[in-house]
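In the working numbering, the protein residues as written are 20 to 175.
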């Protein structure tokens, strides 16, 4: 005589509602920013001071590139730190950084410019390197990376 209605502990005495999900901790980010509330705009943190000194050169450069500061009034329902006084009063910021916005078109054009510049510099270095190679010692170029963990075991 066997009773098929008796459950063993391994057969699922615990239901999904009784299982607790493991909680993982993530440290808070000091650079959380609201999402842009306007289409066609990207946000970026800009440095306005370093070492207690104003960084007017960086701010002027970024303004010439087309960045504009993001004011708290643009995100009234978002709880974010704001500069209370000084020349950046009312601007969303954290320490020596302020939040700025730029048109996606300008940001994409800037990204493309620097990608092209990097490509040209890489090609120039490659050409100089290949110019100096010797037939008895050819230079091979490999542009791949690999990740390994720990020490490799010594082969016997």
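Heads up, the beta-carbon is just placed ideally off N, CA and C, and yes, glycines get one too. Just so you know, these numbers come straight off a predicted model, no measurement behind them.
Quick check on the burial criterion: 16 or more other C-beta atoms within 10 angstroms. Buried or exposed for residue i?
i: residue 81; result: buried
i: residue 128; result: exposed
i: residue 133; result: exposed
i: residue 114; result: exposed
i: residue 117; result: buried
i: residue 158; result: exposed
i: residue 42; result: exposed
In the structure shown, what three-state DSSP assignment does residue i receive?
i: residue 163; result: coil
i: residue 97; result: coil
i: residue 45; result: coil
i: residue 66; result: strand
Over what stretch of residues does the beta strand (DSSP E) that includes residue i continue unbroken?
i: residue 120; result: 116 to 122
Report the partner residues of residue i according to the DSSP bridge assignment.
i: residue 60; result: 122
i: residue 88; result: 119
i: residue 72; result: 69
i: residue 139; result: Answer is none; residue 139 lacks a bridge partner.
i: residue 169; result: Answer is none; residue 169 lacks a bridge partner.
Within the same chain, show all residues whose beta-carbon is closer than 8 Å to that of residue i, passing over the 5 residues directly before and after it, in chain order.
i: residue 85; result: 121, 122 and 125
i: residue 101; result: 91, 109, 110, 111 and 112
Closer than 6 Å by C-beta to residue i: which residues in its own chain qualify, once you throw out the five before and the five after it? Chain order, please.
i: residue 60; result: 120
i: residue 55; result: 62
Keeping to the same chain, check which residues put their C-beta closer than 7 Å to that of residue i; ignore five residues upstream and five downstream.
i: residue 148; result: 158
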